[in-house]
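By the count of my numbering, the sequence shown reaches residue 1165 at its end, each step adding exactly one. Remarks on the structure that follows.
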Amino acid sequence: HAVCQPLVPPARTVWLGCPEKCEEKYPKNAIKNQKYNVFTFIPGVLYEQFKFFLNLYFLVVSCSQFVPALKIGYLYTYWAPLGFVLTVTVVREAVDEFRRYKRDKEMNSQLYSKLTNQRIPSDMVFLRTSEKTGSCFIRTDQLDGETDWKLKVAVSCTQRLPALGDLFSINAYVYAQKPQLDIHSFEGTFTREDSDPAVHESLSIENTLWASTVVASGKSYNTDDPRSVGLLDLELNQLTKALFLALVALSVVMVTLQGFVGPWYRNLFRFLLLFSYIIPISLRVNLDMGKAAYGWMIMKDDNIPGTVVRTSTIPEELGRLVYLLTDKTGTLTQNEMIFKRLHLGTVSYGTDTMDEIQSHIINSYSQSSAPKVRKSVSSRIHEAVKAIALCHNVTPVYESRAGVSGETEYAEVDQDFSDENRTYQASSPDEVALVQWTESVGLTLVNRDLTSMQLKTPGGHILTYYILQIFPFTSESKRMGIIVRDESSGEITFYMKGADVAMSTIVQYNDWLEEECGNMAREGLRTLVVAKKSLTEEQYQDFESRYNQAKLSIHDRNLKVAAVVESLEREMELLCLTGVEDQLQADVRPTLEMLRNAGIKIWMLTGDKLETATCIAKSSHLVSRNQDIHIFRPVTTRGEAHLELNAFRRKHDCALVISGDSLEVCLKYYEHEFVELACQCPAVVCCRCSPTQKAHIVKLLQHHTGKRTCAIGDGGNDVSMIQAADCGIGIEGKEGKQASLAADFSITQFKHIGRLLMVHGRNSYKRSAALGQFVMHRGLIISTMQAVFSSVFYFASVPLYQGFLMVGYATIYTMFPVFSLVLDQDVKPEMALLYPELYKDLTKLLMVALTIRTWHWLMVVAEFLSLGCYVASLAFLNEYFDVAFITTVTFLWKVSAITVVSCLPLYILKYLKRKFSPPSYSKLTS
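Next comes the structure, spelled out in structure tokens:
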């Protein structure tokens, strides 16, 4: 969504209520995954086929048969196989294209009228909401992977209109800047011309839902879908060129031995045609039929339900991957934060002891048993829970009913705060998890506005706290704070929470915080330190005056404000340490371990914060527990990047964590050195990555290593990465279908990638490689027979076989036995999953074993079917056969002798090779 085409569309001016004033017609807002249209389908498919040397060569050979001097036999001898190959290819591509058409039609036919809990399918300027303040919360997980709710504010002019219908009666327009890659900024203006004076409002990212205007759609943010071509196809294309050189060399030898008598150049071309079966035309169709079968097997596998093969031309790519680049949010994790641990210094509470905390809270708020000892466990729990319930930016929202106009009406403050229809919205999923936990133990946040918040006790009493100041969380400070006044007692308290590295210097001395933070981090929990400080009225008034004065400064305002706040952040009382878990997808840990054992290097690319990414890398075992992590220091200059790379070079066997900004600097000045070092790491984590950077990293690995890459993700921010990889896998889930639709393969859970690669990928590659070898071997056999035949008859350029015999040899007679290789497997699927090291043993095309080690009943049927085709041809093509000789014992003896002499040496060599140099899988099958 954030990746633009090279030709960037210009800025837009969109009119409200006056569409006739729009001078330019903008593209439709639609998703398009189709490769062709009605007019480009046939030319496009033919171009994709004939750009391969194999097909282009046979087109030239077939066309040569229109020249009388070069004609060998009947036209259909060459045109029939070529036509058959192209027909199968066109039908297969048509089926894939029709599926893409249906998916696009399904997505583009959706009507968006009410945007509650829905994906917004374009870039919009926010005009109006049912909330009186003009605010709403949105999530940008499809852009940057962050699942927190972000506050957006409607344009004040349109929000103040008396009724929704007035939007269409005003004379106003929105000017939006041209589409850009930066998703964190936006510049534009809203102008209303029918008011006096005219209204001009600046627009920023804060204004970018019930009613809004689309400012960017369709091709403005469209990207071209690169065509997926498998490495096996490229290797076969290169091998075909090598066979062509062998064909030319053999033809030259035959002409040379002939003595260059007569029109030797004509004989040379005729030999080129006679030996053309060295390059098997049926190779492409046999492989395509095999790929179709592999795709069918993948989609019918009950162990990976819901898997869809969207690109049926590259199943072999799943069997030769070296790098797996994965998203975090929604791919490795479930996007659900769960409160797991509360530590008070002397006592720790886990999920199995939360009922104790609940009983302490109930007792502390009951009038009969108020805590008498200040530092008792009960009072410490009470203070900690109250601090967590107050120190946040969470807003409870009550959705009561749908209004007449279709707008969702939200309950006002004076309602009964019922628990059924309350949801929490905040800028951080951690904060929502903390507030939900305080609700579960008895202290519930029921209302919040700009000046106050209200908590409900277990007994149903409402406690009101006035918000005096809020210090929001920033990536620099790594903490947030709030100053509140208790309505009942008038006490003023400063609460603060943040990362341990930021809070350890603020809180009073203690001997447990650092150790417990390390323990929770090793469990993969995200930790927050909570502290408080009681203020007198005089202390707060002094702070407020200094704080307001700092905010009015013209020069160095941020530094002065930070200095005033830091003066308050001293000797704070440490209340507790919390641990929140970002729940992982099912079986993520064993799946990642399996992929590592298979020799696949895993890189995690996420738009989330560094601390979050590091926690998930640990909890998912992407980084093993005994492995060091090198966090790349933020760099902005060439010198800093040089020093940090030198520091990283001295580390051994440690995982790398780097931010997107630092990555950009390193790639700008030291691209080759950085990629070389990163590829040596057992795991790499890139945080704060934009969608463009994700795709750029994929292309860097392809360029510098030449290895095959796979990208897996579930959100719209992963589409560019998925399309850039050699093999793209999309996860279809609650994050939408955008990644799934753009990927080559679609799965429903991350754990399915293990079976997809270890079983189906491995089998597909081994089968296709063996199939390719077998078909080429078959072509060499008949070409050798033709060479012997021509040599016996004084090197005459006369065909050995003609007509249907020649056509049938390469297609009908030998197609079914060759296709039986599609069902071959060297080890059982369970064994391939148990020993992922077998995946590493897949070598180059020419080294794949040919021996069929397992038999399927369909393979036996194929053998008899092939024999039946041959016998049937005796009846239909009797003029080509000497039936009287075929029915004699002499014929049977000669055929048997030739077969034994041809096959026995080959199988003796295979037996010896298997005996003295057995493949790894044979040790398992034995």
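Ideal Cβ placement from N, Cα and C applies to all residues, glycine included. Fair warning: this is a prediction, and the values are worked out from it, not measured in the lab.
According to DSSP, is Y1040 part of a helix, a strand, or is it coil? The residue given as residue 1040 occupies position 801 in the sequence shown. Coil, per DSSP.
Looking only at its chain, what residues have a beta carbon closer than 6 Å to the beta carbon of N294, apart from the 5 residues adjacent to it on each side? For the purposes of this step, residue 294 is taken as residue 55 along the sequence shown, with counting starting at 1. Excluding sequence neighbours, N294 sits near Q288.
I'd like to confirm the pairing. Which residues does DSSP put opposite K772 in its beta bridges? As a working note, residue 772 is residue 533 in the sequence shown. Note: K772 sits in a beta bridge opposite F733.
Going by DSSP in three states, N272 sits in which element: helix, strand or coil? Locating residue 272 in the sequence shown gives position 33, where the first residue counts as 1. Three-state result, N272: coil.
Going by C-alpha to C-alpha distance, which of L767, F1103 and G1047 sits closest to L1116? On the sequence shown, position 877 is the one that residue 1116 refers to. Here the closest residue by C-alpha is G1047.
Quick check on I620: does DSSP put it in helix, strand or coil? What you label residue 620 is simply residue 381 of the sequence shown in a count that begins at 1. If DSSP states are grouped into helix, strand and coil, I620 belongs with the helices.
Which complete beta strand (DSSP E) runs does the region 806-866 hold, if anything under 3 residues is left out? 812-823 and 840-844
Nearest-angstrom beta carbon gap, L684 and V674 [assumed within contact, 8 Å]: Against the sequence shown, residue 674 aligns to sequence position 435. Against the sequence shown, residue 684 aligns to sequence position 445. At roughly 5 Å, the Cβ-Cβ gap stays under 8 Å, so V674 and L684 are in contact.
Do you know offhand how far Y908's Cα is from G955's? To locate residue 908, count along the sequence shown from 1; it is residue 669. To locate residue 955, count along the sequence shown from 1; it is residue 716. Using only the alpha carbons, I get a separation of about 30 Å.
Using a Cβ cut-off of 8 Å (strictly closer), state whether M960 contacts chain C. No chain C is part of this structure, which consists of one protein chain only.
Over what stretch of residues does the beta strand (DSSP E) that includes N686 continue unbroken? On the sequence shown, residue 686 is found 447 positions in, with the first residue counted as 1. N686 -> beta strand (DSSP E) spans T683 to R687.
Starting from Q932, follow the beta strand (DSSP E) in both directions and report where the run begins and ends. Locating residue 932 in the sequence shown gives position 693, counting from the first residue. Element bounds for Q932: not the beta strand (DSSP E) but the alpha helix (DSSP H), P930 to T944.
Cβ neighbour criterion (16 or more within 10 Å) applied to M1024: Counted from its first residue, the sequence shown places residue 1024 at position 785. Counting Cβ neighbours within 10 Å, M1024 comes out exposed, since fewer than 16 surround it.
From the DSSP output, in three-state form, read off F913 for me. Taking the sequence shown and counting its residues from 1, one reaches residue 913 at position 674. Helix, per DSSP.
What is the DSSP secondary structure of N574, reduced to helix, strand or coil? The count along the sequence shown starts at 1 and reaches residue 574 at position 335. N574: strand per DSSP, three-state reduction.
On a CA-only basis, which of C1108, K391, T368 and F376 is nearest A402? Give me that one, please. Walking along the sequence shown from the start, residue 402 turns up at place 163. It is T368 whose Cα lies nearest to the Cα of A402.
Between which two residues does the alpha helix (DSSP H) carrying S303 extend? The residue you call residue 303 lines up with position 64 of the sequence shown. F292 to S303 is the extent of the alpha helix (DSSP H) around S303.
Assign A308 to buried or exposed, taking buried as 16 or more other Cβ atoms, counted over all protein chains shown, within 10 Å of its Cβ. Locating residue 308 in the sequence shown gives position 69, counting from the first residue. It is exposed - the Cβ of A308 has fewer than 16 other Cβ atoms within 10 Å.
Are the CB atoms of M997 and A837 nearer to each other than 8 Å? Counted from its first residue, the sequence shown places residue 997 at position 758. Counted from its first residue, the sequence shown places residue 837 at position 598. In this structure, A837 lies closer than 8 Å to M997 by Cβ.
Distance between beta carbons of G818 and R580, contact taken as under 8 Å: Numbered from its first residue, the sequence shown carries residue 580 at position 341. Numbered from its first residue, the sequence shown carries residue 818 at position 579. Contact holds; Cβ gap of about 3 Å.
Please go through the same chain and pick out, in chain order, the residues whose beta-carbon is closer than 7 Å to the beta-carbon of D653, but skip the five residues on each side of it. For the purposes of this step, residue 653 is taken as residue 414 along the sequence shown, with counting starting at 1. Confidence at D653 is low in this model, with a pLDDT of 43, below 50, so its placement is unreliable and the value that follows should be read with caution. Cβ neighbours of D653 beyond the five flanking positions: none.
State yes or no: is the C-beta of L1073 within less than 8 Å of the C-beta of F1013? Counted from its first residue, the sequence shown places residue 1073 at position 834. Counted from its first residue, the sequence shown places residue 1013 at position 774. Contact: no.
Under a three-way DSSP split, which group does K1149 fall into? Working through the sequence shown from its first residue, we reach residue 1149 at position 910. Helix, per DSSP.
Can the beta-carbon of K772 be found less than 8 Å from the beta-carbon of F733? Position 533 of the sequence shown, counted from the first residue, corresponds to residue 772. Position 494 of the sequence shown, counted from the first residue, corresponds to residue 733. For K772 and F733, yes; Cβs fall inside 8 Å.
Is the Cβ-Cβ distance between V597 and T634 less than 8 Å? As a first step, residue 597 is located in the sequence shown; it is residue number 358 there, counting from the start. As a first step, residue 634 is located in the sequence shown; it is residue number 395 there, counting from the start. What sits at residue 597 in the sequence shown is Gln, not Val. No; because the gap between Cβ atoms is not below 8 Å, this pair is not in contact.
Can you tell me whether A481 is buried or exposed? The criterion is at least 16 other CB atoms within 10 Å of its CB, across all chains shown. Within the sequence shown, residue 481 is the residue found at index 242, counting from 1. Under this definition A481 is an exposed residue.
Answer with buried or exposed for H911, where buried requires no fewer than 16 other C-beta atoms within 10 angstroms of its C-beta. If you number the sequence shown from 1, residue 911 lands on position 672. Exposed, since its Cβ has fewer than 16 Cβ neighbours within 10 Å.
So, are the CB atoms of G529 and R1001 less than 8 Å apart? Working through the sequence shown from its first residue, we reach residue 529 at position 290. Working through the sequence shown from its first residue, we reach residue 1001 at position 762. For G529 and R1001, no; Cβs fall outside 8 Å.
Just the Cα atoms here: how many angstroms apart are P829 and E575? The residue given as residue 829 occupies position 590 in the sequence shown. The residue given as residue 575 occupies position 336 in the sequence shown. Straight-line Cα distance between these residues: approximately 20 Å.
Hey, would you say the C-beta of A531 is under 7 Å away from at least one heavy atom of the ligand MG? What this structure holds is no ligand at all, so the ligand MG is not there to describe.
Please return the same chain residues whose Cβ sits closer than 6 Å to the Cβ of N461, not counting the five positions on each side in sequence. The residue you call residue 461 lines up with position 222 of the sequence shown. The pLDDT assigned to N461 is 48, lower than 50, so where the model puts this residue is not dependable; a value taken from the coordinates is nonetheless given after this. Closer than 6 Å at Cβ, skipping near neighbours: no residue.
Comparing alpha-carbon positions, which option in S898, I870, D900 and V904 lies nearest R888? The residue given as residue 888 occupies position 649 in the sequence shown. When each option's Cα is compared against that of R888, the closest is I870.
How about D983 and T550: do their beta carbons lie closer than 8 Å? Counting from 1 along the sequence shown, the entry for residue 983 is found at position 744. Counting from 1 along the sequence shown, the entry for residue 550 is found at position 311. Yes, Cβ-Cβ distance for D983 and T550 is below 8 Å.
In three-state DSSP terms, what is V1134? The residue labelled residue 1134 in the question sits at position 895 within the sequence shown. If DSSP states are grouped into helix, strand and coil, V1134 belongs with the helices.
Buried or exposed, going by whether 16 or more other CB atoms sit within 10 Å of the CB of A1088? One-based indexing of the sequence shown puts residue 1088 at position 849. Because A1088 sits at a pLDDT of 39, beneath the cut-off of 50, its placement in the model cannot be relied upon, and the following sentence gives the value as read from the coordinates. Its Cβ being crowded by 16 or more others within 10 Å, A1088 is buried.
For S959, report the span of its alpha helix (DSSP H) as first-last. Taking the first residue of the sequence shown as 1, we reach residue 959 at position 720. V958 to A963 is the span of the alpha helix (DSSP H), which, as asked, contains S959.
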